[in-house]
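One structure is given here, and the rest of the page talks about it.
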Amino acid sequence: MNGDGPEPVWLRVLAFVAALAAVFALAWLVGRFGPWSDIPDAPPHDHRGVSSTGR
18 MNGDGPEPVW LRVLAFVAAL AAVFALAWLV GRFGPWSDIP DAPPHDHRGV SSTGR
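In case it helps, our numbering puts the sequence shown at residues 18 to 72.
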């Protein structure tokens, strides 16, 4: 990066991990605050076999 030869391997790994974390953080932010933010994280519960009175 600074011109004195190739970067160490750990620096490349660190850059790759940082980029991956940034992509995941961006995807989380879009999912959390984006146009799909009103969708709950958990799937809706299955109410088959349960009457409307709750019995």
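A virtual CB, placed ideally from N, CA and C, is assigned to each residue, including glycine.
Query raised in the report: Just how far apart, CA to CA, sit PRO23 and ALA38?
Result: 24 Å
Query raised in the report: In whole angstroms, what separates the C-alpha of LEU43 from that of PHE33?
Result: Looking at the two C-alpha atoms, the distance is approximately 15 Å.
Requested in this report: Hey, could you find the ends of the alpha helix (DSSP H) GLY48 is sitting in?
Outcome: 26 to 50
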